[in-house]
Each structure stands twice: as C-alpha cells, then as structure tokens.
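Number of protein chains: 2
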Amino acid sequence: MLDLDSFFSKRAVEGFKPSAIREILKYGSDPSIISFGGGYPDPQYFPKEYFTEAMDYVLCSLTDKALQYGSTEGVKELREWLINFEEEEEKVKLELDEIIITIGSQQGFDLLCKVLLDPGDTVLVEEPSYIGALTAFYGFQVNPVSVPMDESGIILEELENICQNLGKKNIKPKFIYVIPNFQNPAGVTLSLERRVRLLEIASKYNMLVVEDNPYGDLIYEGDKILPIKSMDTEGKVIYLRTFSKILFPGLRLGWFMGNKALVRKVVIAKQSSDLCTTSLGQYATYEYCRRGYLKPHVEYMATRYARKRNTMIKAIEKYFPPEVKYTRPSGGYFVWLTLPEYLNADEMFWKAIEAKVAYVIGSAFHVEGRGKNTIRLSFSQVGETAITEGIKRLAKVITQEIDIFNKISAISL
Amino acid sequence: MLDLDSFFSKRAVEGFKPSAIREILKYGSDPSIISFGGGYPDPQYFPKEYFTEAMDYVLCSLTDKALQYGSTEGVKELREWLINFEEEEEKVKLELDEIIITIGSQQGFDLLCKVLLDPGDTVLVEEPSYIGALTAFYGFQVNPVSVPMDESGIILEELENICQNLGKKNIKPKFIYVIPNFQNPAGVTLSLERRVRLLEIASKYNMLVVEDNPYGDLIYEGDKILPIKSMDTEGKVIYLRTFSKILFPGLRLGWFMGNKALVRKVVIAKQSSDLCTTSLGQYATYEYCRRGYLKPHVEYMATRYARKRNTMIKAIEKYFPPEVKYTRPSGGYFVWLTLPEYLNADEMFWKAIEAKVAYVIGSAFHVEGRGKNTIRLSFSQVGETAITEGIKRLAKVITQEIDIFNKISAISL
Chain A
1 MLDLDSFFSK RAVEGFKPSA IREILKYGSD PSIISFGGGY PDPQYFPKEY
51 FTEAMDYVLC SLTDKALQYG STEGVKELRE WLINFEEEEE KVKLELDEII
101 ITIGSQQGFD LLCKVLLDPG DTVLVEEPSY IGALTAFYGF QVNPVSVPMD
151 ESGIILEELE NICQNLGKKN IKPKFIYVIP NFQNPAGVTL SLERRVRLLE
201 IASKYNMLVV EDNPYGDLIY EGDKILPIKS MDTEGKVIYL RTFSKILFPG
251 LRLGWFMGNK ALVRKVVIAK QSSDLCTTSL GQYATYEYCR RGYLKPHVEY
301 MATRYARKRN TMIKAIEKYF PPEVKYTRPS GGYFVWLTLP EYLNADEMFW
351 KAIEAKVAYV IGSAFHVEGR GKNTIRLSFS QVGETAITEG IKRLAKVITQ
401 EIDIFNKISA ISL
Chain B
1001 MLDLDSFFSK RAVEGFKPSA IREILKYGSD PSIISFGGGY PDPQYFPKEY
1051 FTEAMDYVLC SLTDKALQYG STEGVKELRE WLINFEEEEE KVKLELDEII
1101 ITIGSQQGFD LLCKVLLDPG DTVLVEEPSY IGALTAFYGF QVNPVSVPMD
1151 ESGIILEELE NICQNLGKKN IKPKFIYVIP NFQNPAGVTL SLERRVRLLE
1201 IASKYNMLVV EDNPYGDLIY EGDKILPIKS MDTEGKVIYL RTFSKILFPG
1251 LRLGWFMGNK ALVRKVVIAK QSSDLCTTSL GQYATYEYCR RGYLKPHVEY
1301 MATRYARKRN TMIKAIEKYF PPEVKYTRPS GGYFVWLTLP EYLNADEMFW
1351 KAIEAKVAYV IGSAFHVEGR GKNTIRLSFS QVGETAITEG IKRLAKVITQ
1401 EIDIFNKISA ISL
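Protein chains in written order, with this note's numbering: chain A, 1 to 413; chain B, 1001 to 1413.
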C-alpha cells in the first residue's frame, strides 16, 4: 500500500487538529450518558410544519431555479430579506454586494482565512474562544494570541497591552475575533461600552474586527445589545451569522457581511471552494422567512431554552460545591465552569463518563492547552429532568475530586 | 473608508482568478442570445415529482436527524448506498472510511488541495482542462503543468517526457488530474488502454492520480469504460463524483473517494471548512436513490441529451466551414472547436455576442493563456431548434472572420 506521508501538505501535517468536541460527541450516542457536550439545538423545536410548507412551495413552483446552480453570492431574494432583517433587528445597514450566503458560519471562517491570512500571521482571539474558529485558524498555520475575558467579555486593558507588546516585536495582528453575545464557550456578553471601545482600539492598531453572532437572537434576560457591526463606519468589521441556531443546522446556511472589496474577494474564494451554496436550501429558507415564520419561532425557542438555562443554574446552585465558579448566561446555549486550579477537567472527564455524564473539556477552547480546570456545559439539547440529574452526577464527581485533593493535602502537611 | 489592500493574503493577491465562465454567463440572461456557455443541466429534466416524494418523506419521518448537524463524513446511509452503486456500476470497491460526501465535486478539489498542496508545488493537468479545477489549483499557489491530448485523451508519450523533464529539474508533481469520460471541455474519452498505462506511469513517477467523473453516466454511444479507480490496487487514485449532472446541482452534493489515510485528512480539512454537508439534502437524495429512481432517470436524460448532441453535430457538419475542427463526444455536455490558428476566439467572442450567440473561450481552459483559437460549446441546456439556429449564427461569424483573414492575406501578398 502507498505511503502517503510524503504527499501531505505542510498545513495537513502541522496545522490540522481533529476537533476535541467531535471525539466527545461519540458519548452522546450512549443513552445512559447525559451529555452536556455539543452545542446542538434541540430537535423538538425544529419548525417541521412551517418549513415543510415552504419547501413544498419551492419544489412545486420554483423547481427550475431551485434545483439549478445559483450565483456564488447566494440567492438574491434571501440576501435582500437578510439585508432588511439586519437593518430592522440589528441596525446594520448593508448593500447587496456586502453580503454573501455561506455554508453555515464555519465556511465564513474558512473563506476569511483564505482571503486574509498567510502562514505565520497573527490573529487575536478571546480566551476561551470557539473551537471551530480556532481549528480554522490552525489550519491556515497562523498564530492565535488570546486575550483574557471577565464577566463583561474581553478585557480591553489586556487587549491594548497585547497589541503594544506585539507592536514592539513588529507583529501586526490582521484581526481580532470576538463572539460578543452569550459567548461560546464562556456564556458571557460583551458590554455596549466595551463594543464601542473595542472598535476604537481596532482602529488605533489598524486591525479588522471579526464579529461572530450565532446566538444573539436567543435572549433570556436583558435587552439586545447592538452588534459592533452596527457601529462600523469604516467598513472594518466582518460580521458572521448563521441559521443553525435560530432555524436549524441541517441546511448549513449562514450569511457573511463585510465591506465590498472584502466580499468581492470572498466571492472569488468561494467560487473555487464550492461554486455556490445550495439553491434549494436557500429558496426554501427564503420562503420560510418571507412568510414571517422566523421571528415567532425564535421567540418561542427563547422561552424554551430560557427554562433549560434556569433549570441548569438552579441545579448548579443546589448541588455544586462552592469552590466551583460558573457563568450565568443571559442567552445562548452555554454555562462555563471554572474549577479550583488544582483540578484537571481533562483527566476528570473519564470519571464523569463513568458517572454517566459528559461535558466538553475547557482546554479545547484555549490556545496552547491552557484552561485545564475549565468546562463547557451546553444545556440546549438536554431535557429539564435530565439537566438536573446530569448536574447532580457531575457535582458528585467534582466533590469527590475536591475531597481527594483535600485528603492528599492533609497527609502531606 | 478602510484600504484593505494591506490585509489580503498572498493567495488572494496572486492566486485568485475570477472565473471566465461566470463572466460569460451574464449573457445567458439575455433571451435573444443563444448561449452555449455554462455546463448547466437542462431544468426540463429535473426529476421534480420523484424528488418531491423523497423530500416529503424525509421532512415527515426523519426531521430530527435531517434538520440537525450531521457527521463530517456524511450521512452513513447515503455513503453505503454509493458504495454499492460504485461496486455495481463501476467495479470500484470501497470501505466506509474511503468515501466522504462533499459540496459537489468542487469542494473535493478544495479539500484535496488543502491536504496535499503547498505553494510552489507542481500538478499535472490535461490541456485543455476543467476551469474549476484550475481555479482551485491557482488559489493554492501551485503550478499546473499541462499535458497535450488527442482524440483518445491525454497523450502518454508526452506525459512521460514531461515527467522526465520535470525530474531533471528535481520537480516531482504531486498528482495528475484527469477527466477520463467526455472530458470537460474537450469532449473526448480516455481509452481503456491509456487508463491502464496512465496508472503504470503514475506508479513509475510516484504520483497520485486525481480522477474526476461528472459525466460518466451520460453515455450516448459505445460502452462504459471502467474508471481508473477500479484498477487501483495501491490506493493512489482519488476519485471525485457528483450528483450535479446525473440528478441536479441545486443541493450541491458530491462524493470523494480515496484511500483511508487520505480520506481521514480530508475529513479533518472539511471539519474546519464547513463542519458537515447538509443533512436534509443528503437524506432526501438517499431516499430518492433508495427508491430506485436514479438509474432510470439517468437513462432517460441520456436519451434526451443524445438528441441534443446529434442536433449540434449535424448543424456543425452542415454550417461550419471546413477549416474548423470539432470533437464528437460519445457522452457528456461538450463539443470542442479548434479554429484555424490565425483566428482569435477571445476577440471573436464580442462579434458572436453581436450575432446573438455565446460560447466559452477555450483559452480559459488552458494554462498560460494558450488555446486562443479554441472554443467550448455546451449543448446541455439549449433546445434543439435553438441549437441549430445558434450554430448557424456562430458559423456565420467564423466564416466572416476567415474571409477577413483571407482578404488581408491576399492584400499583403
């Protein structure tokens, strides 16, 4: 058999990292394990009837266009609908050549990297940050440098320090990547003040801002904070959104917004990546949206997910030992745990699996394997009773780990 | 406004080439112009009723899985069906970890490049070759070196000469890219003898073979020739197929086959490119195939496209001046014209547009802008009456160009 090793590209040898989440998801198929693993929507809330109605209409009335190749930019009707949606919902003003439909927002990262990044480039990311974006960055052989966060998002003093220190070494980050709403994985939200100031810092250091907003419409308390893109007067913010969490992920549709010159390059990159996005999926989604079904559906889902969040927070408050810190997300899918520093959540994972509960190790969301004492919990696809039971199981595992540590410490005194 | 030029990657500045076909397709929307441009299937033949039946079933019975994220490798049922299809139809034997579903075959090129190619690498291509593959290669900053073809496909003596000459310069091509059946754009088919010998040459020079087969099932005369992949005992052939021409392009589904080690890397590359392919599209396509609808549909389409081919060839025989050489494809979508060397089809394009007929300039399918006297004609989406009329119009333009040349030559004598 052929030995392929000499054929692989540098990027495949050095840059490719299989996703830690995907490994963990394997345990999701064991029904005795309660999994707080993947950030999957709850299929119970999929808008089966209304989407079928839209799909039926398209297959009946628009077959010639919907089953054919489409333009690389995406179906015009859908892009126009989204332009209107962005203006009404988020005060983001766009022209038609500033938006392109992508295969979820994940393809947005890939195209962005293609258009902007050379091997060895530096980008800034939140710590912790979304694993899918980090994986894309690694695949393009760039160096993500991470900026610490607190309960109001990225810490801007730290950001400035990092920019200054990089500047001294003549390193200019191409962009800073942020998830301002109900961040994945940390569950925190970037305050309005910090959004304004972040844009100023980006201008000062001549960086682009890549703003990712998959969860922004799933709000459980407080008001919507406008996206950084809505404050962008220079065209320096690239804004990524997806239907995966507000409708469903099974069509893989997202939208990518940026200034015209950038979007033009992204369109060329997409031409050679996949020619175009599914016409059928785009027309069906457009029909669903045009009929006014999206907004009530998102509102309905927000009330359901809010209950799940409340259940998880209540169980954490009741069962977790006081040594564990946790975030209280006002939207989205995730609660972020910080265990005492002497605990290792990577190793503890196997004990949790034995106790029939799964999570995602927090270190996967960190650059350079930091964050060994952190954990991401997703409450999105677990039923409320199971959430309570799963937290109880996890609490037991953590409590035992703390007890073992305390006993060992006592002996060594 | 921000000046983005300093932000773009080297690949975006040096490697990105917008598709010449896409520019030409603009004229496809003018109904007074008969366009032999894009290689689009005829929407008349889209299997509207049967596909709707499959989609309805999936939306009714499999909603939870079909609207959710899926595995990066693709829906298992569809991959298993395709494994069976490949064995029965093409004598290609595969295991489950040797096949992955992609966004058409175009994403196959992209993932292949990601996994195999570094900037400056060399790959071999047929001359002429598929523009979408060339664009992908350019985007990864590699050097395509082209190998001449005749009416039986790539000329193997030329291939060996090129390999030897490159070897003297210490250049080792990573792979040779071929479209053996009804080639796009040349319309010719690689003979069985040459397929066998090509594989031997690839082994001798330690290259991989990338075999692309979008049109192989649309046969109008002669027998099916087995793919090179079916003769591959070393796992050195990568085989790309797509539903775009045998079903329809609107879901963007293809399948990528290769040895396990390679497919494993391709899966990792796809994880960061788009996470996974549309579950809904895959389940609906699987249902359509499982119900036995694909084969009769392909047979039906082959009879229809064969008529279009016959009409085009007949019109060419009748109206074209004897100076024009043309291929007679035994399947697929394309006829390839070679004009006298003194004619420039790039410049003639505008005269053709004035005469209300469009084609794709052949130089777009050549490396380094060669082939200025060549033209690709696609008969797939034009009605039979329009085919005859379009060929008549084009014949007039070509005849006039030849006349002008002859007059100028006579004067300068």
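Where is the CB? At the ideal position from N, CA and C, for every residue including glycine.
Bounds of the alpha helix (DSSP H) holding Leu82 of chain A are 76 to 90. Counting of Cβ neighbours within 10 angstroms places Cys1060 of chain B among the exposed residues, the total staying below 16. Interface residue (Cβ-Cβ distance to chain B less than 8 Å): Val115 of chain A is classified as such. When DSSP states are grouped into helix, strand and coil, Asp1056 of chain B belongs to the helix group. Pro340 of chain A is outside the set of residues whose beta carbon lies under 8 Å from a beta carbon in chain B. Residues are counted here when their Cβ sits less than 7 Å from a Cβ of chain A; for the region 1205 to 1237 of chain B these are Leu1208, Glu1234, Gly1235, Lys1236, given in chain order.
With a threshold of 16 other beta carbon atoms within 10 Å, Gly139 of chain A meets it and is buried. Shown here for Ala1352 of chain B: same chain residues with a beta carbon closer than 7 Å to its own, the five before and five after excluded, namely Ala1358, Tyr1359, Leu1394, Val1397 in chain order. With a threshold of 8 Å between beta carbons, Tyr1069 of chain B makes contact with chain A. Here the alpha carbon of Gly383 of chain A sits roughly 7 Å from the alpha carbon of Lys308 of chain A.
Taking Lys1174 of chain B as reference, the option from B:Leu1208, B:His1297, B:Ser1032, B:Leu1280 with the minimal CA-CA separation is B:Leu1208. If you ignore the 5 residues before and after Glu1160 of chain B, its C-beta comes within less than 7 Å of the C-beta of Ile1201, all in its own chain and listed in chain order. Cβ contact annotation for Ser32 of chain A (same chain, cutoff 6 Å, sequence separation greater than five): Lys356, in chain order.
Taking Glu87 of chain A as the centre and dropping the five residues before and after it, the same chain places the C-beta of Lys93, Leu94 closer than 8 Å to its C-beta, in chain order. The CB of Leu280 of chain A comes closer than 8 Å to the CB of Gly1250, Leu1251, Gly1281 in chain B, given here in chain order. With a minimum length of 3 residues, the unbroken runs of beta strand (DSSP E) contained wholly in the region 349 to 392 of chain A fall at 374 to 378.
Straight-line measurement puts the Cα of Arg328 of chain A at about 19 Å from the Cα of Thr385 of chain A. For Val125 of chain A, there is no enclosing alpha helix (DSSP H); the enclosing beta strand (DSSP E) covers residues 122 to 127. Excluding five sequence positions before and after Pro1180 of chain B, the CB atoms of its chain that fall closer than 6 Å to its own CB belong to Leu1190, given in chain order. Among the residues of chain B, none has a CB under 9 Å from the CB of Met312 of chain A; the nearest is roughly 21 Å distant. Taking the beta carbon of Met1055 of chain B as reference, the chain A residues within 8 Å of it are Met55, Leu59, listed in sequence order. Listed along chain A, the residues sitting closer than 7 Å to Leu1262 of chain B by beta-carbon distance are Leu4. For the pair Phe1248 of chain B and Ile268 of chain A, the CB atoms are not nearer than the 8 Å cut-off. In this structure, DSSP gives Gly15 of chain A a helical state, which the three-state scheme calls helix. The beta carbons of Tyr215 of chain A and Ala302 of chain A sit no closer together than 8 Å. For Thr1338 of chain B, same chain residues with a beta-carbon under 6 Å away, outside a window of 5 residues either side, are Lys1325, Thr1374 in chain order.
Annotation for Asp64 of chain A: no residue places its beta carbon closer than 8 Å to its own, counting only its chain and skipping 5 residues before and after. Taken in chain order, the whole beta strand (DSSP E) runs of length 3 or more contained in the region 230 to 268 of chain A are 237 to 242, 254 to 257. Here the alpha carbons of Ala54 of chain A and Glu126 of chain A stand approximately 39 Å from one another.
Phe175 of chain A carries a strand assignment under DSSP once its states are collapsed to helix, strand and coil.
Counting only Cβ-Cβ distances below 8 Å, Gln141 of chain A has no contacts in chain B at all, with the closest Cβ about 10 Å away. Within the region 1036 to 1047 of chain B, those residues whose Cβ lies closer than 7 Å to any Cβ of chain A are, in chain order, Tyr1040, Pro1043, Phe1046.
Beta-bridge partners assigned by DSSP to Val1147 of chain B: B:Glu1126.
Check the Cα spacing between Asn1344 of chain B and each of B:Glu1401, B:Lys1314, B:Ala1315: the tightest is with B:Glu1401. Val1115 of chain B is positioned such that its CB atom lies no closer than 8 Å to that of Ala136 of chain A. Under the 8 Å Cβ criterion, the region 67 to 81 of chain A counts as touching the region 1038 to 1055 of chain B, having at least three qualifying pairs.
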